[in-house]
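Here's the structure, in structure tokens; my notes come after.
Residue numbers (my numbering): 111 to 318.
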């Protein structure tokens, strides 16, 4: 919900599992309420419990659903293209185990310098809000805290940024409002990814 609307693909993936297991279907509202949760917590919230074999079922379904249902927001590709033309390194830090697969299927992987998940490319990492993913990204680029911002659509993302001691930007594409992000302590709040361009250009964010 930062660069793409993944909610309908997630709902379809979980309903693929639910149908296979004879469980009640999950709603889009319930998906959105738990959008940033790690997979175990997500299963428990949507399906009532977590079983390891369900993860493979979910992935099986998502091979189709990711391609059909994950859609970039209108300003995603123009913003990523502009940031890269400015010399900004752009990365993904996701609680998906292998987010590169979804981004490859949606044609977005080429816009990122590195894509980090709970199982790739640096091995198994703890889920956000643990800052390990951001720490690995900064190490990968050999950049410091002052040259880094992290953008996300949930409380988990802002807490991750704070845990990593970098500036956190909330984006109101999910269920969290501007007021929610301000209460969490976000450095800035944006309504669309395109607003990042002026933030990066400003004197407040001399990013490399």
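C-beta: ideal position from N, C-alpha, C; glycine also. Here the structure is a predicted model, which is why all the values come from computation and not from measurement.
Under the DSSP assignment, residue 152 falls in the alpha helix (DSSP H) whose first and last residues are 149 to 157.
With fewer than 16 other Cβ atoms from the protein chains shown falling within 10 Å of its own Cβ, residue 137 counts as exposed.
For residue 263, the closest alpha carbon among the candidates 159, 227, 234, 280 is that of 280. Contact check between the segment 297 to 308 and the segment 183 to 194: three or more CB pairs, one atom from each, fall below 8 Å, which counts as touching. Bounds of the alpha helix (DSSP H) holding residue 127 are 117 to 131. If you draw a straight line from the Cα of residue 252 to the Cα of residue 189, it comes to about 23 Å.
For residue 255 and residue 297, the gap between their C-alpha atoms comes out near 14 Å.
When DSSP states are grouped into helix, strand and coil, residue 182 belongs to the strand group.
Judged by pairs of C-beta atoms under 8 Å, the segment 275 to 289 touches the segment 142 to 156, as three or more such pairs exist. One Cα belongs to residue 124, the other to residue 132, and the distance between them is close to 12 Å.
The three-state reading of DSSP puts residue 274 in coil, since its state is none of H, G, I, E or B.
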